[in-house]
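S.K.: Chains as they are written, first to last, in my numbering: chain A, 84 to 410; chain B, 20 to 314. Cβ coordinates follow ideal geometry from the N, Cα and C atoms, glycine included. Bear in mind the structure is a predicted one, so any value in this text is a computation, not a measurement. Submitted below is the structure of interest, expressed as structure tokens.
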Amino acid sequence: MPVNTYTIRIQRKRKTSDGRIDSHWKEYSVKATETTTILSILEEIKGEQDGTLTFRQSCRSAICGSCAMKIGGRTRLACKTHVGVVARDNVVEIASQANQPVLKDMAIDIGPFFERVHKITPYLTEGPETDAVTEKTAYDQVNHVTQCIMCGSCYSDCTMAEVSPEFIGPAALAKAFRFVSDPREGQKTKRLRQLAEPHMMWSCARCAMCVETCPKDVKPMEAIVKLRTRSVAKGFNDGPGPKHALAFHHDIQQSGHLNEFTLMMRTVGIMGTLEELGTAFHLLKKGKVPSLFPHKSAGLAELAKIYEILEQNPLDVETKAKEVVPE
Amino acid sequence: MSIQFAYYPGCAAQQVQKEADAAARAVARELGITLHDMPRATCCGAVSLRETKPAFSLAVAARILSEAEESGRHLVTICNTCLQTLTHANHRFKNEPELLEKINHVIVQAGVRPYKASINVYHLLWVITDQLDPKAVKAKVVKPLNGLKVAPFYGCHNLRPEEIFDAKAGEAADHLDRLILLLGGRPVVYDGHDKCCGFHVMLSDKVEMRSMVARNCLNAKDAGAELMITPCTLCDMSMGSFQKPAEQVVGKVIELPEMNFAQLIAVAFGLDESAAGLDRLHVSPHAVLAKQGIR
Chain A
84 MPVNTYTIRI
94 QRKRKTSDGR
104 IDSHWKEYSV
114 KATETTTILS
124 ILEEIKGEQD
134 GTLTFRQSCR
144 SAICGSCAMK
154 IGGRTRLACK
164 THVGVVARDN
174 VVEIASQANQ
184 PVLKDMAIDI
194 GPFFERVHKI
204 TPYLTEGPET
214 DAVTEKTAYD
224 QVNHVTQCIM
234 CGSCYSDCTM
244 AEVSPEFIGP
254 AALAKAFRFV
264 SDPREGQKTK
274 RLRQLAEPHM
284 MWSCARCAMC
294 VETCPKDVKP
304 MEAIVKLRTR
314 SVAKGFNDGP
324 GPKHALAFHH
334 DIQQSGHLNE
344 FTLMMRTVGI
354 MGTLEELGTA
364 FHLLKKGKVP
374 SLFPHKSAGL
384 AELAKIYEIL
394 EQNPLDVETK
404 AKEVVPE
Chain B
20 MSIQFAYYPG
30 CAAQQVQKEA
40 DAAARAVARE
50 LGITLHDMPR
60 ATCCGAVSLR
70 ETKPAFSLAV
80 AARILSEAEE
90 SGRHLVTICN
100 TCLQTLTHAN
110 HRFKNEPELL
120 EKINHVIVQA
130 GVRPYKASIN
140 VYHLLWVITD
150 QLDPKAVKAK
160 VVKPLNGLKV
170 APFYGCHNLR
180 PEEIFDAKAG
190 EAADHLDRLI
200 LLLGGRPVVY
210 DGHDKCCGFH
220 VMLSDKVEMR
230 SMVARNCLNA
240 KDAGAELMIT
250 PCTLCDMSMG
260 SFQKPAEQVV
270 GKVIELPEMN
280 FAQLIAVAFG
290 LDESAAGLDR
300 LHVSPHAVLA
310 KQGIR
């Protein structure tokens with residue numbers, strides 16, 4: 084395999100005496116083949132060129148999660164990322180994870196991330212909802228999210244965490260789903276009630292960045308969608324998130340289309356709507372007001388019938404993780 | 020030669036973002052793409068319906084896809100969220116025959132033709148950048164953008180999850196960049212091109228939503244963008260109409276003209292205001308376009 088010369092641009096970060104982070108970009112030139120891992124390249128830089136470079140690593144096998152960092156604009160594990168995949172014109176940019184406090188260079192303080200995970204009580208709890216029998220299929224749901232190695236990649240790339248330090252984040256919510264789905268868990272309802280609070284599951288913007296970024300295919304957003312489904316089924320429908328979501332099936336049967344005019348009222352209530360009057364007038368200036376009576380689709384009776392059939396005979400359509408068979 | 024599609028504009032394009040619909044229809048006409056309306060199609064339900072009524076949401080999608088299939092055409096849309104919702108359902112129908120059978124069993128009882136999972140769901144932008152001859156598109160450009168620096172804002176739901184889409188998605192996607200080049204503009208590289216516009220948390224997390232808008236727009240501007248385009252009517256609403264409310268949250272002036280991709284094509288094709296719909300935009304692009312001698 085041909086050897087190329089790569090330019091590795093690293094955002095060097097250092098804490099100053101007054102606690103600020105000083106940062107600047109530094110370039111290193113490294114010879115490597117396309118399949119050389121970023122971790123090997125960082126080791127070469129640290130060993131041969133600049134011993135002051137700081138990064139974490141341990142298992143080299145995408146299991147420990149220590150070496151998650153921004154590589155080419157996305158958070159990835161340095162140990163499983165080939166330089167050829169992320170280089171653009173033989174240049175790769177590397178920086179620390181985002182949305183986390185930096186200690187030095189790529190080393191971050193993972194503490195606040197784990198504080199969020201601990202908020203969801205990441206262990207089985209005793210209670211009245213423990214199932215007597217654990218069916219084999221129960222593992223389908225738990226399976227997916229137990230692959231999580233807590234590397235923090237999803238939280239680093241989360242578009243909601245970027246603007247909201249209060250948001251609990253994808254990893255913690257995926258972990259919460261693992262316990263809500265576990266037959267042995269005794270407090271499923273209590274967990275769902277907690278997850279319906281502000282800055283928890285309903286604050287996910289559903290951008291699916293975590294699905295793409297996760298190095299272990301945990302698909303946190305899919306877990307969040309399933310948590311919401313279970314929560315709505317339990318009747319935890321207070322708050323703008325569930326109210327908004329619940330407006331859809333009504334409108335689709337009524338006219339076929341969303342009644343965007345009344346959607347805001349139904350989501351945030353009268354007081355919320357009054358608060359938003361300034362925004363409404365702003366939108367009005369360019370005629371961006373929805374019709375109170377949206378156009379009706381043909382064949383609406385079919386929708387009402389479908390809805391009725393499904394309410395009487397509910398169908399389980401939830402995606403299941405593939406069964407893992409030991410090789 | 021004409022390409023035929025079943026056209027699914029989505030709720031926003033039929034109500035608040037009418038300009039995107041008008042531009043899409045006009046541009047398609049110019050390019051020999053025939054868009055056939057779908058009189059029976061309803062709202063796709065977005066992720067909201069998937070969350071509250073998962074089986075109903077699949078049945079709604081099957082009914083929409085079945086209408087397009089019956090007409091013998093693939094479906095095309097101009098809303099990222101409709102694209103993702105219908106593609107997600109279609110992907111499952113194609114890969115889970117038992118699920119399709121269960122859903123068909125329900126919709127047939129309601130008098131709906133069963134869906135055979137034989138069609139694809141496309142974005143109109145993909146049709147233009149991937150299915151047409153680039154030379155044919157370029158030949159229609161009478162008002163080239165003359166190097167105008169345009170920020171492509173892809174949004175989320177035409178990119179992720181990558182594996183479900185019938186076009187290049189995820190980090191590899193470049194359709195919006197290629198369109199800008201075809202029209203004679205310069206695509207701007209900036210942090211935020213594939214991030215979230217916040218539309219789906221507009222009402223539940225309004226400060227956060229506005230912060231997302233501000234962040235993405237300001238990053239684009241800092242990278243030199245004079246204009247932003249999106250392939251999505253919901254992103255348009257956020258990045259365009261909500262720029263002013265976003266300015267109030269972050270205390271900074273943004274003023275980055277933003278429009279739907281189809282509107283910019285209409286401008287480059289020299290189509291009139293009824294097609295381009297520039298007067299319906301909250302941040303006027305007129306000065307920027309005039310400076311480049313485009314309009």
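1. With a CB to CB cut of under 8 Å and the five nearest residues on each side skipped, what residues in its chain are close to V226(B)?
2. If you drop the 5 nearest sequence neighbours on each side, which residues of the same chain put their C-beta closer than 7 Å to that of V156(B)?
3. At a CB-CB cut-off below 7 Å, which residues of chain A make contact with H55(B)?
4. Could you give the DSSP three-state label for V175(A): helix, strand or coil?
5. Any contact of the region 63-83 of chain B with the region 394-401 of chain A, i.e. 3+ C-beta pairs under 8 Å?
6. At 9 Å on the CB atoms, spell out the chain A contacts of D224(B), in chain order.
7. At 4 residues or longer, what runs of the alpha helix (DSSP H) sit wholly inside the region 87-117 of chain B?
8. Under 7 Å between beta-carbons, which chain A residues line up against L118(B)? List them in chain order, please.
9. Should the region 180-189 of chain B be regarded as contacting the region 264-284 of chain B, the criterion being three or more beta carbon pairs within less than 8 Å?
10. Answer with buried or exposed for H201(A), where buried requires no fewer than 16 other C-beta atoms within 10 angstroms of its C-beta.
11. List the residues of chain B that T350(A) touches, going by C-beta distances under 8 Å, in chain order.
12. Under 8 Å between C-beta atoms, does F112(B) make it to chain A?
13. Whole alpha helix (DSSP H) runs in the region 234-304 of chain B with 4 or more residues, listed along the chain?
14. Give a yes or no on whether the minimum CB-CB distance between Q150(B) and chain A is below 8 Å.
15. Sort D291(B), I126(B) and Q128(B) by Cα distance to I313(B) and report the nearest one.
16. Take P211(A) and list the residues in its own chain whose beta-carbon comes closer than 7 Å to its own, dropping the five residues that flank it on each side.
17. If distances are taken between C-alpha atoms only, which option among L178(B), E274(B) and L164(B) comes closest to Q282(B)?
18. Starting from the Cα of D210(B), find the closest Cα among H333(A), R157(A) and G130(A) and give me that residue.
19. How should K379(A) be labelled, buried or exposed, when 16 other C-beta atoms within 10 angstroms of its C-beta is the threshold for buried?
20. Counting only beta-carbon atoms, is D334(A) nearer than 8 Å to chain B?
21. With respect to the beta strand (DSSP E) encompassing D105(A), which residues constitute its N-terminal and C-terminal limits?
22. Since L144(B) and P171(B) are thought to touch, with beta carbons under 8 Å apart, how far apart are those beta carbons, to the nearest angstrom?
23. Does DSSP classify L125(A) as helix, strand or coil?
24. Exposed or buried, what is H124(B) when buried is set at 16 or more other beta-carbons lying within 10 Å of its beta-carbon?
25. Using 8 Å as the Cβ pair cut-off and three pairs as the minimum, do the region 343-357 of chain A and the region 304-320 of chain A touch?
26. Is there at least one Cβ from chain A nearer than 8 Å to L246(B)'s Cβ?
27. Would you mind listing the alpha helix (DSSP H) stretches within the region 35-79 of chain B that are 4+ residues and don't spill past its ends, in chain order?
28. Show which residues of chain B have a CB atom less than 7 Å away from the CB atom of Y390(A).
29. Using a Cβ-Cβ cutoff of 7 Å, what residues of the region 336-365 of chain A are near chain B? List them in chain order.
30. For V216(A), which of E358(A), T362(A), D265(A) and R95(A) has the nearest alpha-carbon?
31. Going by DSSP, which residues form a beta bridge with Q94(A)?
32. Determine, using beta carbons only, whether H165(A) comes closer than 8 Å to chain B.
33. Below 8 Å, how does it come out for the region 181-196 of chain A and the region 226-239 of chain A: are there three or more Cβ pairs, yes or no?
34. So T252(B) contacts chain A; which residues on that side make the cut at Cβ distance below 8 Å?
35. Under the three-state reduction of DSSP, which class applies to L151(B): helix, strand or coil?
36. Tell me the residue span of the beta strand (DSSP E) that contains A257(A).
M.R.: Based on what the coordinates show:
1. V268
2. L50, I147 and L201
3. By Cβ distance, chain A contributes nothing, its closest Cβ being about 14 Å from H55(B), past 7 Å.
4. strand
5. yes
6. M243, V246, S247, F250, P281, H282, W285, S286, A288, P323 and G324
7. 99-114
8. V400
9. no
10. exposed
11. L222 and S223
12. no
13. 252-255, 262-269, 280-287 and 292-295
14. no
15. D291(B)
16. G269
17. L164(B)
18. R157(A)
19. exposed
20. yes
21. I104 to A115
22. Their Cβ separation, rounded to whole angstroms, is 10 Å, which puts L144(B) and P171(B) out of contact at 8 Å.
23. helix
24. exposed
25. no
26. no
27. 37-49 and 65-71
28. F75
29. G339, H340, L341, E343, M347, T350, V351, T362 and H365
30. D265(A)
31. W108(A)
32. no
33. yes
34. Near T252(B) there are no residues of chain A at all, since even the closest Cβ is about 11 Å away, more than 8 Å.
35. coil
36. It is not in any beta strand (DSSP E) - A257(A) instead sits in the alpha helix (DSSP H) that spans P253 to V263.
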